[in-house]
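Chains as they are written, first to last, in my numbering: chain A, 53 to 728; chain B, -18 to 47; chain C, 40 to 623. Reading through the structure tokens given below for one structure.
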Amino acid sequence: MALHAGIDTGGTFTDLVALDATEGTLRALKTSSRPDQPGRAITTALADAGIAGEALERFTHGTTVGTNTLIERTGCRVGLLTTQGFEDTPYIQRINRKVLYDLSWTKPKPLVATRRACLGVSERLSASGEIVRALDEDQVRELCAELREQGIEAVAICLLFSYAYTEHEQAVKRIVEEELGAIPVSVSHEVAPIWREYERSNTTVADAYLKPLLRRYVASLSDELVAYGMTRTWTIMKSNGGAMLSSAAATSPIQTVMSGPAGGMIAAERVAAREGIANVITFDMGGTSADVGLIVDGQQRHTTEYEIEWGLPASVPVIDIKSIGAGGGSVAWVDRGGFLRVGPRSAGAQPGPACYGRGGEEATVTDANLLLGRLDPGYFLGGRMSLEHNLARAAIERLAGQLDMEPLELAASIVEIANENTANAIKMVSLERGHDPRRFTLLGFGGAGPLHAAAVARSLDIPRVLIPPFPGVFSAVGLLLADLRVDKIWTKAFRSTDVDAGEVQRQFALIAERALAELRQEGFSGKPETRRAINMRYLGQNYEHELELPDGEVSERTLADAFTRFAEMHQERYGYAIDGETIELVSFKVTAIGRRPPVRLVDAPPEHVREPARREVYFRGLGFLDTALVHRSSLELGQVLRGPALVQEDSSTTLVAPEMTVRRSENGSLLVEVRP
Amino acid sequence: MGEWRDSEVTYLQPYRVVCALCGQLVPGRYWLELAAGEQRIFCNPDHAAKYESYWLPRHGQPEASR
Amino acid sequence: MTPSQGATDAPAALDPVTLTVLDNYLTSTCRDMGVTMMTTAYSPIFNESLDFSCVIFDPRGQMLAQAEFCPSQIGTIKFTVEWTIAELGLEAFEQGDVVIHNDPYRGSGHVPEHMLLRPVFWEGELVAFVANVAHMSEVGAKTPGGLSGDATEIFQEGLLIPPVKIKRRGEDVPDIWKMVLANHRTPRVTYGDFHAMMASLELAERRLHALIAEQGLDTFTAGGDELIAIAERRMRAEIEEIPDGVYRFEDAIEDDGIGEGSFPMKLELTIDGSEVIADFTGSARQAVGPVNAIYAVTASAIYNAFLHLTDPTIPRNEGCYRPFTIVAPRGTIVNCEFPAPVAGGNTETSPRITDMVFGALADAIPERVVASCGGTSSPFLFGGRDARSGEPYAHFHFEGVGWGGRHDADGNDMIVTINGNCRNTPVEVFETRYPAFRIESYRLTTDSGGPGTFRGGLGGERIFTVTVAEVTVGALLNRMRADPWGTLGGAAGARGGLWVRRAGNGEWRTFVEEFGTASPSKFSGVTLHDGDQVKIVMPGGGGYGDPRKRDRERVERDIHEGFVGIEAAREHYGYELERDGADG
């Protein structure tokens, strides 16, 4: 028996999905996380699922440990070595503020240990790479002594213009390693070779900040797995949607910032491809937040504009996902002007929504759903947890009194506002990138996604919703499916009027070689795919668009074609192109992908199937409607069910509103037609 | 009692109409009202009222207006 | 019949959910407009610094929604749009038109800020206006970069464009384009920036059409009115919480670039129930130089102060402004007359007026006000011709300042002054785009925060070295001679300033000493050469409360981090005295 397992460890739940590679069957399990002993939670989950360590052929892990360390500020003491004169860059930041008109707002605290731990290296390069001031190696050694004295636990190195000219940074790295030995070092041209010194240095500091902890985490989990009997190497999900060897995560921890949600996007991409849908908006709604992402022409979108918190960027390639505070646990409240608001604060897992009966008294989205009849109190998490209707009602009534509203109307409003917040996030994600959401299919997953997806789609005029198999543990499914993936960037500015195709070809070849080497190091032995792209813009613009290049030698001709496509893209997205305008080429990217064999997703046999039944579900303007309640596995292939209906399964419930229809596809997905 | 008047848009002279209370340039329509013994220009009737209730008691009778 | 009786048969009140959804939709539309501008615009002040704003108006010129970009623009654009509608008349607008406008004496804030306005029609009826306003880096003023520190007339501050159509029924009006492009030093940049603004207006039009198609025109119209009414009600409720009274504060602009100074500004603030009257009677006559605020700027600065003092969740629309009457006598520094220059009114005088409101209300609402911020954008202008490409370039460079201490927290270090919210231009972007300078350092200044129970934020310092044969520079700074004041017992923050060091000469000197300019901080047209250096010092924020009452832990943390030196800690906070006392 050859088993592949994906385990997604979140703050509240640890989700496991295991594939029997010989039989092609999947099993899924949700257990409680143990933040104090994450490794133990994982081996416990494996044991609960009846998976022996010896049988594990492949194991991929998605983790929020990096993200949480950054958010909770529990990383190590970082010292920064930067170009002399710019020691305060982490404190100055970008000098703007998060919101206007708020005198209580305070600038984000930098991740460096103190202002005194930011030291200036005597060196300077110009924008075109000339040495303005030679590197003073002795001075660097003195700075190292000072860092040692300050008790620094990791060092970040970020010098001006190092994204293009790396010699000085390489030399400083060598000296630091000589002087400080075992102390981890992160170097900006390796971590994030992008221009804009603040963004690059903050990313580098964040990487260093996580390094000691990620090293320990990976080591302890490895020990735990070995003790459990697993003999193979294992992989961790990277933020870019590829997997990397666990040892690589320890040397490049900032790559794990979006490790958790990335799995969901991978799985979404596969499901969409199998259903033959090119353009998908993903909507992953859990207990505390909703993550929204885009798949355009069958591909995930990537960005390097991730932020740890507002104003603290981590500019590494991440799957482009926007998180908002709209989850099942999001709290409904009344602002000073008497407006009803939902979130971003969440009741979390403790105390959780009022209906969990753990002492929560505030009304949440889950309480509202329960009151409206949209959740089955006896079948939450497939019956492993029950919900208290009375407590939900009491919480909603308290709030209704404040607003002078009918409790049911209020519950419906809470759900609508949560949906509207999500819809606005989707607009941001799609329109910011020039895409019309109406041309997309909405893919709903996560514990709460399927319950809200159709309503969100309707408010955005999205015609169709897809609910994949295993929606409640979908991110773990993605871990099973993840390919190995390495992104490499070369930054150098050219103008379309003066670009050397030969040099571009040589540089592409060079970074492709590095990317492939890294892929092999990460354990890939098959035939890799590579993709090349150039980021370009009109000369003068500040934001680039990525244009993919066809395979083959880069020639004047290939470039000219790319420029034409850029103008077409600009016309399409912004309604204009500028004839004859010079185009600036800003950076060059190679993505190397090691494909894993495809996995066929089949619905697992449910733990507790229920007979079809009916229940009363409330819809605004219509009141309580008699609603069909069916288990997902009892839907026949091709059978069309008219709304109102609820489709239940172990980890989630799909709501089909009146005038919508739902059917099961050949591939096991549910397709909801929002406007049939 | 005052009335709304329309001011002609002209590019031939730099003189511009200003509210007697707040000092704002008044584009297009303005409110003309007798105040402190003279027909005066205001943004709107509210500013004419405040001229009486706030400005005159505080700052006294204006010198001859331009 | 009075105008307000027009809207009697309004439909029944809309439910709070519909209103929330509408408000969010309009606000997010404004935000999306901004994103489009940011991604496609050309000048760094625009795409890197985000010096622009996006707004939706109803056909009466009432602001319905705005995105939070730049407070001073949001206050002034209301006047710009009102004037445009008043001058052209509603009947002049047709589907696909775009009006351009930047004339301060017809309602704009200052010459570099250009507004583009597009009417939105639904089934042949004019139902809204969408508009944006953006700071163009080059507008054909007497010197490159727009803000001429020694201008004496508005005509020296750039090309004035009254409200005219740059697009008519969807087609460019080539004559207007030619006029504008022929008058700007960097027409290519202007062309790119205007297109970015237009793309954003088209996006907004599409979004409004989608909204009206979905919700119906009645909901949009009635909802807009109701949101305005709600905002007004809530703003009035907030004002009622401020004790009634007459509150006064005085500050002064130190000089006007022509050599005259100082220019006192007197504010008398009357809080009467839910009404506010901000009266500037008694303020200095208008200056010859460009530190004058146009009325719209003064009003905007007052709105800005109160938006900072009140609940940030109040919908940001016309209703917020209704409780305010701003009395600014014509011909004064807070309401100058044609053709006085105004460039610095918007960047420099505006934040000072906003801070004056905090100063006036310090005793009335001590827990809500802050001490003065550095109060200058430190505008430093330069331009020339790029030796590599032969293309002209021009740039408006600005800086952050320390912010004032608060009742429960220190002021922020190095943030753009309160009338803006722009980002800095990264050193790597700056040196790539503008090879005229190399930046030697960009630092915070230890001890620049005004001492207080909660100290002011730190200001900073930047040093540039000229790396080309010659470059023309100008400046329009403040707080080189006047302190960023502390409040309620707090002390002043450090002053800012501007210095020059000629190549081969070891000394920092003022521009007055070196070039004979009339002012050390406001001038234009000075030529610098290879190896010359310029140092901009950004002021710190004022302190809040008695420094001797500052927590010992905070003092120690400041010393540990290097925000306050040991000497200053001793002097202002009695740091060692206290310990000696304890030890003894």
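All residues carry an ideal CB built from backbone N, CA and C; glycine is no exception. From a predicted model like this one, the values you see are computed outputs, not experimental measurements.
Short CB-CB distance (under 8 Å) between residue i and chain C
i             : result
residue 545/A : yes
residue -14/B : no
residue 645/A : no
residue 43/B  : no
residue 46/B  : Only weak support exists for where residue 46/B lies, its pLDDT of 45 falling under 50; the value from the coordinates is given anyway. So, not an interface residue.
residue 4/B   : yes
residue 716/A : no
residue 472/A : yes
Local Cβ density within 10 Å of residue i, reported as buried at 16 or more and exposed below that
i             : result
residue 297/A : buried
residue 15/B  : exposed
residue 40/B  : exposed
residue 701/A : buried
residue 623/C : Note that residue 623/C scores 32 on pLDDT, short of 50, meaning its location in the model is unreliable; the coordinates nonetheless yield the value given after this. Residue 623/C should be labelled exposed.
residue 129/C : exposed
residue 372/C : buried
residue 144/C : buried
residue 5/B   : buried
Proximal chain B residues relative to residue i, where beta-carbon distance stays under 7 Å
i             : result
residue 288/C : In chain order: nothing, as chain B lies at least about 17 Å away.
residue 377/C : -5, -3
Endpoints, beta strand (DSSP E) assigned at residue i
i             : result
residue 386/A : 382 to 386
residue 183/A : 183 to 185
residue 614/A : Not the beta strand (DSSP E): residue 614/A falls in the alpha helix (DSSP H), residues 608 to 626.
Residue i: contacting residues in chain A (beta-carbon distance under 8 Å)
i             : result
residue 601/C : 166, 167, 168
residue 471/C : 179, 247, 545
Span of the alpha helix (DSSP H) around residue i
i             : result
residue 94/A  : 90 to 100
residue 303/C : No alpha helix (DSSP H) contains residue 303/C, which is instead part of the beta strand (DSSP E) from 302 to 311.
residue 234/C : 226 to 254
residue 697/A : Per DSSP, residue 697/A belongs to no alpha helix (DSSP H); it is in the beta strand (DSSP E), 697 to 701.
Supposed close pair residue i, residue j - CB separation, criterion 8 Å
i             : j             : result
residue 288/A : residue 301/A : 4 Å
residue 76/C  : residue 235/C : 5 Å
residue 13/C  : residue 96/C  : Since the displayed chain C opens at 40 and closes at 623, residue 13/C lies outside it and no answer follows.
residue 581/C : residue 444/C : 7 Å
residue 97/A  : residue 81/A  : 6 Å
Interface flag, residue i vs chain B, CB-CB below 8 Å
i             : result
residue 272/C : no
residue 119/C : no
residue 138/C : no
residue 384/C : no
residue 185/C : no
residue 511/C : no
residue 205/C : no
Interface partners of residue i on chain B, CB under 9 Å
i             : result
residue 320/C : 36, 39, 40
Under 8 Å by beta carbon: chain B residues contacting residue i
i            : result
residue 99/C : None at all; the shortest Cβ gap to chain B is about 12 Å.
Interface partners of residue i on chain A, CB under 7 Å
i             : result
residue 483/C : 140, 143, 144
Within chain C, partners of residue i - CB distance below 9 Å
i             : result
residue 257/A : Those within 9 Å of residue 257/A in chain C number zero; the least Cβ separation is about 16 Å.
Closer than 8 Å at the beta carbon, the chain C residues around residue i
i             : result
residue 10/B  : 125
residue 151/A : 107, 351
residue 479/A : 67, 71
residue 476/A : 63, 64, 67
Check: residue i C-beta below 7 Å from any heavy atom of the ligand FAD
i             : result
residue 610/A : Although the ligand FAD was asked about, the structure shown includes no ligands whatsoever.
CB contact below 8 Å: residue i versus chain A
i             : result
residue 238/C : yes
Within chain C, the residues that residue i reaches when beta carbons sit closer than 7 Å
i             : result
residue 343/A : None at all; the shortest Cβ gap to chain C is about 18 Å.
Interface partners of residue i on chain F, CB under 8 Å
i             : result
residue 461/C : Judged by its chain identifiers, the structure shown contains no chain F, and its protein chains are A, B and C.
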